[in-house]
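Student: For the sequence shown, this note's numbering begins at -16 and goes up steadily by one.
Glycine included, every Cβ here is placed at the ideal spot set by N, Cα and C.
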Amino acid sequence: MREVTKGMGAAGNIVERYLIRVLGPIGKKIAEASKAGRVMALLGVVTVIVSLALIFTDATWFKVSKSRGRQFVNITYEQKGYGVAFLAGLGLFGIGVLQKKGK
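#1: Which of helix, strand or coil does DSSP assign to Lys84?
#2: Whether or not the segment 13 to 24 and the segment 63 to 73 are in contact is what I'm after, with contact meaning three or more pairs of Cβ atoms, one per stretch, closer than 8 Å; do they touch?
#3: Where in the segment -15 to 51 do unbroken runs of the beta strand (DSSP E), each at least 3 residues long, occur, reported from the N-terminal end onward?
#4: In whole angstroms, what is the alpha-carbon distance linking Gly(-8) and Gly79?
#5: Ignore the nearest five residues each way along the sequence and tell me which others in Gly64's own chain have a CB closer than 7 Å to its CB.
#6: Please determine, among Leu6, Arg21, Gly(-5), the residue with the shortest C-alpha to C-alpha distance to Gln82.
#7: Which term fits Ile32, buried or exposed, when burial requires 16 or more other beta carbons within 10 angstroms of its beta carbon?
#8: Nearest by alpha-carbon distance to Tyr1: which of Leu25, Phe39, Ile38 is it?
#9: Taking the C-alpha atoms as reference points, what is the distance between Ile(-3) and Arg4?
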């Protein structure tokens, strides 16, 4: 169990280090935060990215119609609630960035 915890910690540090570099100016803001703040801000960024992808797929997902003889079957796929996830991600990012490192 200890090895798994160490491995997860090391993987998290590597992901954090490179994700902050990729984010550019946003990454600089995240780097100024405390450890807990960095984790919250990075989770917020990931949540925003995933929710935007889901919102985009929901906007481009159209009705599927299938005809069989005289009968028509309309299948509609609806995905809702991704705006809430987007706002939660923005909140996590904002709160995480506001947590400054202790001096």
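Tutor: Here's the rundown:
#1: Within the sequence shown, numbered from 1, the residue matching residue 84 stands at position 101. Reduced to three states, the DSSP call for Lys84 is coil.
#2: no
#3: As far as the segment -15 to 51 is concerned, its whole beta strand (DSSP E) runs of at least 3 residues are 47 to 51.
#4: In the sequence shown, the residue the question calls residue -8 occupies position 9. In the sequence shown, the residue the question calls residue 79 occupies position 96. Gly(-8) and Gly79: Cα-Cα distance of roughly 19 Å.
#5: What you label residue 64 is simply residue 81 of the sequence shown in a count that begins at 1. Correct list: empty, nothing qualifies.
#6: The count along the sequence shown starts at 1 and reaches residue 82 at position 99. With distances taken between Cα atoms, Gln82 lies closest to Arg21.
#7: For the purposes of this step, residue 32 is taken as residue 49 along the sequence shown, with counting starting at 1. Exposed is the call here.
#8: For this step, residue 1 is matched to residue 18 along the sequence shown. Of the listed residues, the one whose Cα sits closest to Tyr1 is Leu25.
#9: Here residue -3 is taken as the residue at index 14 of the sequence shown, counted from 1. Here residue 4 is taken as the residue at index 21 of the sequence shown, counted from 1. The straight-line gap separating the alpha-carbon atoms of Ile(-3) and Arg4 is approximately 11 Å.
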